[in-house]
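Its first residue numbered 19, the sequence shown is counted upward by one per residue in our numbering.
Notes follow the structure.
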Amino acid sequence: MGSGKTTIGRQLARRMGRAFYDSDHEIVHRTGVRIPIIFELEGEAGFRRRETQVIAELAQEGGVVVATGGGAVLDPANRACMKESGWVIYLDVPTHILLERTRHDTNRPLLQVADPAAKLNALRTERDPLYREIAGLVIDGSRLNSQTAVSKILAEWEKRCELST
Ligand SMILES: Nc1ncnc2c1ncn2[C@@H]1O[C@H](COP(=O)(O)OP(=O)(O)OP(=O)(O)O)[C@@H](O)[C@H]1O
Ligand SMILES: O=C(O)C1=C[C@@H](O)[C@@H](O)[C@H](O)C1
Ligand SMILES: [Mg+2]
Numbered sequence: 019m020g021s022g023k024t025t026i027g028r029q030l031a032r033r034m035g036r037a038f039y040d041s042d043h044e045i046v047h048r049t050g051v052r053i054p055i056i057f058e059l060e061g062e063a064g065f066r067r068r069e070t071q072v073i074a075e076l077a078q079e080g081g082v083v084v085a086t087g088g089g090a091v092l093d094p095a096n097r098a099c100m101k102e103s104g105w106v107i108y109l110d111v112p113t114h115i116l117l118e119r120t121r122h123d124t125n126r127p128l129l130q131v132a133d134p135a136a137k138l139n140a141l142r143t144e145r146d147p148l149y150r151e152i153a154g155l156v157i158d159g160s161r162l163n164s165q166t167a168v169s170k171i172l173a174e175w176e177k178r179c180e181l182s183t
């Protein structure tokens, strides 16, 4: 959460001349309410069901850049879908930076707790191996601004395209 998927995904799509989708934004657009309201009314389980549906639909689109929500990786069905339909990029960012980036934002219900640092640590421990399981590229996001991260991803993408021709 807060690793830069939305920010970097949007910039990457622009540089590639491709459409950009964000699964969180799709869910908000479809329901007409903010994510904390969905968590309040339907619980995390309800939100995850919507997320899985959106990810399955976006996987049908070809040639697009998709930013998922941070927890999408938890569901084996989402992981299979992401791995089969796309080239997955894991933005690996240390917890203290994630905390800095998310601390003033009330739009992430899982972080509205007494100790968000401990929560981010726990989420990272649980999710890091799952991201690594499906990632085609791991970006060390600790020292990169978003433009540099995008350039790095593009360079790797071009290498990958050359290898497959
Ligand atoms: N490489 C970066 N360097 C510095 N700040 C960044 C970088 N990437 C994103 N940010 C900032 O960090 C915050 C969180 O970024 P963003 O919303 O893109 O994260 P996210 O991974 O999409 O989070 P979520 O999992 O909640 O969807 C934003 O304020 C954004 O401007
Ligand atoms: O990491 C998470 O579990 C989440 C991240 C956000 O992108 C949203 O999908 C939601 O706040 C849950
Ligand atoms: Mg996001």
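Beta carbons are placed, not taken as given, at the ideal position from N, Cα and C, and that holds for glycine.
Start-to-end residues for the beta strand (DSSP E) that takes in residue i
i: residue 76; result: Here residue 76 belongs to no beta strand (DSSP E); instead the alpha helix (DSSP H) covers 53-78.
N-terminal and C-terminal residue of the alpha helix (DSSP H) that residue i is part of
i: residue 146; result: 134-152
i: residue 33; result: 23-34
i: residue 119; result: 113-120
i: residue 181; result: 164-181
Inter-residue spacing [alpha-carbon to alpha-carbon] between residue i and residue j
i: residue 104; j: residue 111; result: 21 Å
i: residue 68; j: residue 127; result: 16 Å
i: residue 137; j: residue 24; result: 21 Å
i: residue 73; j: residue 46; result: 14 Å
i: residue 82; j: residue 30; result: 10 Å
i: residue 86; j: residue 75; result: 12 Å
i: residue 196; j: residue 165; result: The structure shown does not extend to residue 196, since the chain spans only 19 to 183, so no value can be given for it.
i: residue 154; j: residue 145; result: 16 Å
i: residue 147; j: residue 28; result: 25 Å
i: residue 141; j: residue 56; result: 20 Å
i: residue 1; j: residue 89; result: Absent from the structure is residue 1, since the part of the chain shown begins at 19 and ends at 183.
i: residue 63; j: residue 183; result: 42 Å
i: residue 118; j: residue 20; result: 9 Å
i: residue 157; j: residue 59; result: 35 Å
i: residue 115; j: residue 124; result: 17 Å
i: residue 70; j: residue 108; result: 18 Å
Beta-bridge pairing of residue i - partner residues as DSSP gives them
i: residue 155; result: 107
i: residue 85; result: 40
Identity of the residue in the options nearest residue i by Cα
i: residue 65; options: 76, 79, 48 and 77; result: 48
i: residue 93; options: 38, 117, 152 and 26; result: 152
i: residue 22; options: 178, 162 and 130; result: 162
i: residue 42; options: 33, 53, 35 and 32; result: 53
i: residue 120; options: 135, 40, 106 and 75; result: 135
i: residue 100; options: 40, 150, 77 and 180; result: 77
i: residue 38; options: 80, 51 and 96; result: 80
- Message: Give me the pocket residues for ligand 4, defined as CB within less than 6 Å of any heavy atom, sorted by chain position.
- Response: Ligand 4 is not part of the structure shown, which contains ligand 1, ligand 2 and ligand 3 as its ligands.
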